[in-house]
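Report on the following structure.
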Amino acid sequence: AGWDIWKDEL
Amino acid sequence: MNIFRFFGDISHLASIFILIHKIHTSRSCRGISFKTQVLYVAVFVTRYLDLLYSWVSLYNFVMKVFFIASSCYILYLMKVRFRPTNDPSIDTFRVEYLVGPCAVLALIFNYGYAVTEVLWSFSIFLESVAILPQLFMLQRTGEAETITTHYLAALGAYRTLYIPNWIYRYFSEGYVDPIAVTAGLVQTGLYLDFFYVYFTKVLQGQKFELPA
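Top line first, the protein sequences correspond to chains A and B.
Positions 1 to 10 (the numbering used here) are the ones given, in order, by the first sequence.
Positions 11 to 222 (the numbering used here) are the ones given, in order, by the second sequence.
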């Protein structure tokens, strides 16, 4: 899911 | 990774180094809100729990460890090493008014009912308001040391740079994280007043002073 990919943000 | 996010992260790092530098050179944590610093520790610890079970990249790992370690170090400087210079009587913002609503919001808005997901959401919401005790203190005292304003400006720049980062990601990845973006916009908005005074006074060589 998109939000999972975005967990790379600090 | 894009340049906006990269420079945002660098700005975040810089803000922490500026703060530590300020405390060391002035041998004082005067003007710094201990409550805000405690909230940052809570933000980093609850968000970076994934250090224990997921690997993103070396960059990501090093930054997360640095943010947790440096924020704890700042608490140590304030509560142990330079304790006499910390004045709790002007650091009066009621933190429970921030933590409570953030906990409620995290239970309502999250990406899955797992402890780690709710804590991640909580940390996003909490970060967006963690600066309030500091800004409140600034408002109360009506002035700040120039170095303290540089710290706040670097922190605000980090948040501001995340906005073009999200726009960039929207076009390159076709997705926007609604929780991160909503909280992020709120957080950046909190700096607008500060930025106004910073640009019109501090960067013109004047002292940071609020009108009485």
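Glycine included, every Cβ here is placed at the ideal spot set by N, Cα and C.
Note that the structure is predicted; figures quoted are calculated from it, not measured.
Residue i - DSSP class collapsed to helix/strand/coil
| i | result |
| --- | --- |
| B/Ala113 | helix |
| B/Ala154 | strand |
| B/Phe135 | helix |
| B/Phe218 | strand |
| A/Lys8 | A small correction: the amino acid at residue 8 of chain A is Asp; Lys does not occupy that position in the sequence shown. Looking at A/Asp8 - three-state DSSP - the assignment turns out to be helix. |
| B/Val146 | The question names Val, yet the displayed sequence has Phe at residue 146 of chain B. Looking at B/Phe146 - three-state DSSP - the assignment turns out to be helix. |
| B/Gly18 | helix |
| B/Tyr63 | coil |
| B/Ser38 | coil |
| B/Phe77 | helix |
| B/Lys211 | coil |
| B/Ile173 | helix |
| B/Thr102 | coil |
| B/Ile26 | helix |
| B/Ser182 | helix |
| B/Gly166 | helix |
| B/Ala140 | coil |
Proximal chain A residues relative to residue i, where beta-carbon distance stays under 9 Å
| i | result |
| --- | --- |
| B/Val66 | Lys7, Asp8 |
| B/Met88 | Per Cβ cutoff of 9 Å: no residues; B/Met88 is ~23 Å from chain A at best. |
Among the options, nearest to residue i - alpha-carbon criterion
| i | options | result |
| --- | --- | --- |
| B/Leu108 | B/Ile33, B/Tyr63, B/Thr46, B/Leu171 | B/Thr46 |
| B/Leu148 | B/Tyr161, B/Leu136, B/Ser138, B/Glu137 | B/Tyr161 |
| A/Leu10 | B/Leu49, B/Ser182, B/Phe77 | B/Phe77 |
| B/Ile118 | B/Phe132, B/Arg40, B/Ala154 | B/Phe132 |
| B/Thr192 | B/Glu183, B/Phe204, B/Phe181, B/Trp176 | B/Trp176 |
| B/Ser38 | B/Tyr63, B/Val75, B/Asp97, B/Phe16 | B/Asp97 |
| B/Arg15 | B/Asp187, B/Gly215, B/Leu171, B/Ala222 | B/Leu171 |
| B/Val125 | B/Asp60, B/Phe54, B/Ala167, B/Ile26 | B/Asp60 |
| B/Leu62 | B/Val53, B/Val75, B/Val51, B/Tyr50 | B/Val75 |
| B/Ile100 | B/Val196, B/His31, B/Ser43 | B/Ser43 |
| B/Ile13 | B/Gly194, B/Gln214, B/Tyr178 | B/Tyr178 |
| B/Thr210 | B/Pro188, B/Lys89, B/Ala163 | B/Ala163 |
Cβ-Cβ separation, residue j to residue i (assumed contact under 8 Å), whole Å
| i | j | result |
| --- | --- | --- |
| B/Val66 | A/Asp8 | 5 Å |
| B/Leu115 | B/Phe135 | 5 Å |
| B/Thr198 | B/Arg169 | 5 Å |
| B/Tyr50 | B/Ser81 | 5 Å |
Contact set between residue i and chain A, taken where Cβ atoms lie within less than 7 Å
| i | result |
| --- | --- |
| B/Lys32 | Under the 7 Å cutoff, chain A gives no residues; its nearest Cβ is about 22 Å from B/Lys32. |
| B/Asp19 | Leu10 |
Proximal residues of chain A, C-beta to C-beta of residue i below 8 Å
| i | result |
| --- | --- |
| B/Lys45 | Near B/Lys45 there are no residues of chain A at all, since even the closest Cβ is about 22 Å away, more than 8 Å. |
| B/Asn70 | Asp8, Leu10 |
Contact set for residue i: own chain, Cβ-Cβ below 6 Å, skip 5 residues either direction
| i | result |
| --- | --- |
| B/Asn120 | Glu127, Val128, Ser131 |
| B/Thr158 | Gly41 |
| B/Val196 | Ser138 |
| B/Lys32 | Ile157 |
Same chain, Cβ closer than 8 Å to residue i, neighbours up to 5 away in sequence not counted
| i | result |
| --- | --- |
| B/Glu153 | Lys217, Phe218, Glu219, Leu220 |
| B/Leu200 | Ser138, Val139, Ile141, Leu142, Leu145 |
| B/Thr156 | Val212, Lys217, Phe218 |
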